[in-house]
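*Asks:* For the sequence shown, the working numbering assigns the number 31 to the initial residue and increments by one for each residue that follows.
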Amino acid sequence: MKKNLISISLVTIGVLMASASVHAQTTLKESFKDDFLVGVALNESQFTGSNAREAALARAQFNSISPENVLKWESVHPEPDRYNFGPVDSYVEFGLKNNMVIIGHNLIWHQQTPKWVFQDDKGNPISRDALLERMRNHILTVVGRYKGKVGGWDVVNEALNEDGTLRQSPWEKIIGDDYLLKAYQFAKEADPNVQLYYNDYSLENASKREGAIALVKKLQAAGIPIAGVGLQGHYNLTWPTTNQLDETIKAFSKLGVKVMVTELDMDVLPPATRSQAAEVSMNFALRAELNPYTNGLPASVQQNLANRYADLFKVFVANRGVVARVTFWGVTDADSWRNDWPVKGRTAYPLLFNRDCRPKPAFDAVIKTSGHL
Ligand code: XIL
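(1) Reducing DSSP to helix, strand and coil, say where ARG112 ends up.
(2) Between which residues of its own chain and THR143 is the CB-CB distance below 7 Å, once the five residues before and five after are set aside?
(3) I'd like to know whether the C-beta atoms of VAL289 and ILE279 end up nearer to each other than 8 Å.
(4) So the alpha helix (DSSP H) ALA244 belongs to, where does it begin and stop?
(5) Can you tell me which of the three DSSP states VAL52 falls into?
(6) Quick one: is GLN262 buried, meaning 16 or more other Cβ sit within 10 Å of its Cβ, or exposed?
(7) Starting from the C-beta of MET31, find all residues in its chain whose C-beta is less than 7 Å away, skip the five residues before and the five after it, and write them out in chain order.
(8) Just to confirm, does GLN262 get its C-beta within under 7 Å of one of the non-hydrogen atoms of ligand 1?
(9) Using only alpha-carbon positions, find the residue among ALA354, ARG164, PHE383 and PHE216 that is nearest to VAL68.
(10) Would you check whether ligand 1 has a heavy atom nearer than 7 Å to the C-beta of ALA82?
(11) Classify HIS135 as helix, strand or coil using the three-state DSSP reduction.
(12) Between ALA307 and GLU202, how many whole angstroms is the CB-CB distance? I'm expecting something under 8 Å.
(13) Taking the alpha carbon of LYS14 as the point to measure from, which residue in LYS127, PHE92 and PHE62 has its own alpha carbon closest?
(14) Using 7 Å as the cut-off, classify the Cβ of VAL68 as near or not near the heavy atoms of ligand 1, replying yes or no.
(15) Under DSSP, the alpha helix (DSSP H) around THR5 begins and ends at which residues?
(16) Give the straight-line distance between the Cα atoms of PRO328 and PRO155, rounded to the nearest whole angstrom.
(17) Please state if the CB of GLY174 and the CB of ALA220 are separated by a distance shorter than 8 Å.
(18) Can you give me the C-alpha to C-alpha distance between LEU382 and ASP119, rounded to a whole angstrom?
(19) With distance defined between alpha-carbon atoms, name the residue in PRO255, ASN93, LEU87 and GLU98 nearest to TRP367.
(20) Taking only heavy atoms of ligand 1 into account, decide whether any of them is closer than 7 Å to the Cβ of HIS107.
(21) CB of HIS135 to nearest heavy atom of ligand 1: below 7 Å?
(22) For the beta strand (DSSP E) containing GLN225, list its first residue and its last residue.
This is the structure:
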């Protein structure tokens, strides 16, 4: 009897050790190496190594990186005659050192772009030619500096409205609809071998997807070798459906381009809005009922998150070959922008690693879809 108890507890210990070592050894990049790259967005504390634990986790788990903010115009080119390349150099260095595919995010966007870009010294709007000149200089300078190091660029971010029409951004208003074509031409001029992407949110909804399909066709017809479309992937537990996602990936694949999921995270908190748009400018007031999990995520919600992530990854794996990369927008729940968007100051749980850098049940669920657990 005693002997049996001992052997049972030895078995239990063995099982516990085995599962601990699964966590220690299993990585996202290794599990999906025959399917697609698995990337992560990094902030400065991670690629400079000042947050050593998160830097180590990023190194261990991912084989591609995206810059969360340091390559946006306001950060890399804050004043007309001043570029701020220090943080970007560290970001690129981190990727090179760790043999990662380095993504450039992004060149042309209506957000996180300083007002001066569109104005003259007196604050009046500049002409089409003057803005094209600024755009060309910026793209040639930034893309040129990292030529041969950055593997692909989000050349234009979020150019479309939800109904698929072109957004009336300052770029569009001053230059006209062909600002997109110009941006891609300048990027190609700066680095003829680099991959060029179009990146946006809500492309899983048919109306906006049709707009993106038309846009890609237009660029292709004008001789732009567009390599991929990025689905940002700021999802929640019910949107998009797996069918919408599958249809979207297949629709873009028909155009001969790859699909990347570029900013994946999952909202489990009560919605502050019915909108599915990832408009960074949204900012709703914090109310207690919008922030129910300040002391931890209930097991049932943790399980829903795991199941939901598994369902999405099954779609990605089924579309391997078209899906070239899946990038998470943050390393752990602690540093996700979802804690502050679209409501500031919430406790969010959108990623695969918790605030203590440990894998959540969603991590195991995702790994399982690769057939490696
Ligand atoms: C977000 C960053 O995560 C935040 O830190 C920043 O304050 C705002 O932008 N779509 C994009 C990303 O293309 O660049 C955005 O990143 C999230 C939505």
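Glycine is no exception: its CB is placed at the ideal position from the N, C-alpha and C atoms.
*Replies:* On the basis of the coordinates in this document:
(1) Here residue 112 refers to the residue found at position 82 when the sequence shown is read from its first residue. Reduced to three states, the DSSP call for ARG112 is strand.
(2) Here residue 143 corresponds to residue number 113 of the sequence shown, with the count starting at 1. Closer than 7 Å at the Cβ level, and outside the excluded window around THR143, lie TRP103 and GLU104.
(3) Within the sequence shown, residue 289 is the residue found at index 259, counting from 1. Within the sequence shown, residue 279 is the residue found at index 249, counting from 1. Taking 8 Å as the cut-off, the Cβ atoms of VAL289 and ILE279 count as close.
(4) Residue 244 sits at position 214 when you count from the first residue of the sequence shown. Start and end: 236-251.
(5) The sequence position of residue 52 within the sequence shown is 22, counting from 1. Confidence is the limiting factor: at VAL52 the pLDDT is only 45, short of 50, which leaves the residue's position unreliable and the question unanswerable from this model.
(6) In the sequence shown, the residue the question calls residue 262 occupies position 232. Buried: at least 16 other Cβ atoms inside 10 Å.
(7) Here residue 31 refers to the residue found at position 1 of the sequence shown. Low per-residue confidence applies at MET31: pLDDT is 44, beneath 50, and the placement is therefore not dependable, though the value from the model is reported in the following sentence. For MET31, where only same-chain residues beyond five positions count, there are no Cβ hits under 7 Å.
(8) As a first step, residue 262 must be located in the sequence shown, where it is residue number 232. Checking every heavy atom of ligand 1 against the Cβ of GLN262, one is found closer than 7 Å.
(9) On the sequence shown, position 38 is the one that residue 68 refers to. Comparing Cα positions, the closest option is ALA354.
(10) As a working mapping, residue 82 is identified with position 52 in the sequence shown. Result no, Cβ not under 7 Å from ligand 1.
(11) What you label residue 135 is simply residue 105 of the sequence shown in a count that begins at 1. Residue state, collapsed to three classes: strand.
(12) The residue labelled residue 307 in the question sits at position 277 within the sequence shown. The residue labelled residue 202 in the question sits at position 172 within the sequence shown. In this structure ALA307 does not touch GLU202 by the C-beta definition: roughly 18 Å separates them, more than the 8 Å allowed.
(13) In the structure as shown, the chain starts at 31 and stops at 403, and residue 14 therefore has no counterpart that could be examined.
(14) Looking up residue 68 in the sequence shown gives position 38. Checking every heavy atom of ligand 1 against the Cβ of VAL68, none is found closer than 7 Å.
(15) Only positions 31 to 403 of the chain appear in this structure, which leaves residue 5 out of reach.
(16) Counting from 1 along the sequence shown, the entry for residue 328 is found at position 298. Counting from 1 along the sequence shown, the entry for residue 155 is found at position 125. Spanning the two alpha carbons is a distance of roughly 52 Å.
(17) Within the sequence shown, residue 220 is the residue found at index 190, counting from 1. Within the sequence shown, residue 174 is the residue found at index 144, counting from 1. Against a cut-off of 8 Å, the Cβ pair of GLY174 and ALA220 comes out as a contact.
(18) Walking along the sequence shown from the start, residue 382 turns up at place 352. Walking along the sequence shown from the start, residue 119 turns up at place 89. If you take the alpha carbons of LEU382 and ASP119, they lie about 28 Å apart.
(19) Here residue 367 corresponds to residue number 337 of the sequence shown, with the count starting at 1. Residue GLU98 is the option with its Cα nearest to TRP367.
(20) Here residue 107 corresponds to residue number 77 of the sequence shown, with the count starting at 1. Checking the Cβ of HIS107 against ligand 1 gives no.
(21) Counting from 1 along the sequence shown, the entry for residue 135 is found at position 105. Checking the Cβ of HIS135 against ligand 1 gives yes.
(22) As a position in the sequence shown, residue 225 is number 195, starting the count at 1. First-last of the beta strand (DSSP E) with GLN225: 225-230.
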